[in-house]
Amino acid sequence: MRSHLLNDTTAEQYRRSVTEGVERVAAKLATTDRPFTGITVDALSPRIDGIDLDEPLHDTAAVLDELEDVYLRDAVYFHHPRYLAHLNCPVVIPAVLGEAVLSAVNSSLDTWDQSAGGTLIERKLIDWTCARIGLGPAADGVFTSGGTQSNLQALLLAREEAKTEDFASLRIFASEVSHFSVKKSAKLLGLGPDAVVSVPVDRDKRMQTVALARELERCAQDGLVPMAVVATGGTTDFGSIDPLPEIAGLCEQYGVWMHVDAAYGCGLLASLKYRDRITGIERADSVTVDYHKSFFQPVSSSAVLVRDAATLRHATYHAEYLNPRRMVQERIPNQVDKSLQTTRRFDALKLWMTLRVMGADGIGELFDEVCDLAAEGWRLLAADPRFDVVVRPSLSTLVFRYIPADVTDPAGIDRANLYARKALFASGDAVVAGTKVAGRHYLKFTLLNPETTTADIAAVLDLIAGHAEQYLGDSLDRAS
């Protein structure tokens, strides 16, 4: 079995095996004509359940044949222009190359003696991102597994900086459409059940700063401790961007840690046209960015950034076998000193390869294209009497629903939209997401593929309307 270990004696076998796998994937990408096959759980499960993992095939080609049957054939392909559902982007080739390199070398980014140049590359990219944000000369950060972990670490730092042991008195303020990870983080951090204060949003789904000011004042009057305000730079459902300058002013007035969850909107940091939409982010104490959302990177690639590097000490623990305290005096750069994780992939390499091949402007041009596409999609929806669209997009998300001309029952409209989404997914012709607005069911396009066109959007809208109309017609037939 040593023949399967990657080393100097198996380099040629490695080249053949990886090439064979790449060729299979490339062939699949070249021939995929829809984002999904429509396969059901009940149809796919028996194929996987029937595989005996204690009986290996002992042949790479045979395993790839099997993988075609249980995964590649029926995978959901984000690169297809009619995948319009979640915050999954098509990935750029330099990043995929970086993924292949980092997987083979398998550096662990916790300590210098496991990564060497990888440590310095990650630190360089953190500095680059901090500079793009404008956090100042004392800024620092670390790569994470995703926005949820980044938000958790940021709120951990905020909790410690609040300097109270009475966790029950701590309050976090976030908009009513902020990411669920804010509440999840509060629970993981041992805060009380009332720790997260939900702040109302305006008609554009942006946090109301008047309401935030009122809640901060109430917090002070009640003798509670305002721990953090979480402003969102691109909400998951609407792509809405909270009024960052005004929120920053309130945070300064009340002495509150300001965190900006820009997991989605971080693509604006590279934008050539819309960078001003995220003005105010430079005043944050911490920022979440997800390169695997709007920098076109493979999962995972995220980071948490802080204005003051000293605050990262709240995540620092020293172990003699790993990062003893003497290494700090010796100026040995161990990234584990800043991270919630210990063993950690060299995900920074993907972004490094992307910037060195494409440049930041190349990323920004792609993100600008999807923002422009969303604006065109909004115009299509606003002019189409079949649909109700919620807000004009700040990024690349459209939330809408089909409104039949002769049905006024809100519950019936809900069912028609739910059916349309399910039927569309089952057909495999397109994939769209769903959410709720004011208790009613809506559909969602998350546009992150520059290859998607307005013609694709129009075609998918027609498919949605067709499925909804079929459902309503069938419902009338059953009722008669």
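Numbering (the working numbering), first residue to last: 565 to 1044.
Heads up, the beta-carbon is just placed ideally off N, CA and C, and yes, glycines get one too.
Quantities reported herein were computed from a predicted structural model and do not represent experimental measurements.
For Thr-712, the enclosing alpha helix (DSSP H) begins and ends at 711-725.
Excluding the 5 residues flanking it on each side, Asp-872 has same chain C-beta neighbours closer than 7 Å at Ala-702, in chain order.
For Leu-945, the closest of Ile-1021, Asp-629, Leu-886 by C-alpha to C-alpha distance is Ile-1021.
Counting C-beta pairs with one atom in each stretch, the stretch 812-831 and the stretch 788-800 have three or more that are closer than 8 Å, which means they touch.
Taken atom to atom, the span from the alpha-carbon of Leu-734 to that of Ser-762 is near 14 Å. DSSP lists no beta-bridge partner residue for Phe-744. Leu-648 is bridged by DSSP to Val-996. The beta carbons of Val-660 and Lys-914 sit closer together than 9 Å.
Rounded to whole angstroms, the separation of the alpha carbons of Pro-658 and Thr-906 is 27 Å. The closest CA to that of Gly-831, considering only Gly-928, Ala-664, Leu-617, is found on Gly-928.
Closest by C-alpha distance to Ser-866, out of Asp-730, Thr-675, Ala-848, Leu-689, is Leu-689. Lys-1008 is bridged by DSSP to Val-963, Ala-997. With respect to the C-alpha of Ile-805, the residue from Leu-982, Met-771, Asp-674 having the closest C-alpha is Met-771. Taking all protein chains in view, the Cβ of Asp-901 is crowded by 16 or more other Cβ atoms within 10 Å, so the residue is classified as buried.
According to the DSSP secondary-structure assignment, Thr-708 is paired through a beta bridge with Ser-866. With respect to Phe-910, Gly-682 sits close: the two C-beta atoms are nearer than 9 Å. A distance below 7 Å between beta-carbons, with the five flanking residues on each side excluded, links Glu-686 to the following residues of its chain, in chain order: Leu-673, Phe-707, Gln-899, Ala-912. Each of Ser-903, Arg-566, Gln-861, Val-934 was checked against the Cα of Tyr-838, and the nearest Cα belongs to Val-934.
Restricting attention to beta strand (DSSP E) runs no shorter than 3 residues, the stretch 728-809 encloses them at 734-739, 760-763, 789-796, ordered along the chain.
Here Lys-986 is exposed. Its C-beta has fewer than 16 other C-beta atoms within 10 Å. In the structure shown, Asp-616 adopts coil according to DSSP, grouped into three states. Residue environment analysis places Ile-612 among the exposed positions, since fewer than 16 neighbouring C-beta atoms fall within 10 angstroms of its C-beta. At a Cβ-Cβ threshold of 9 Å, Gly-829 and Ser-739 do not count as neighbours.
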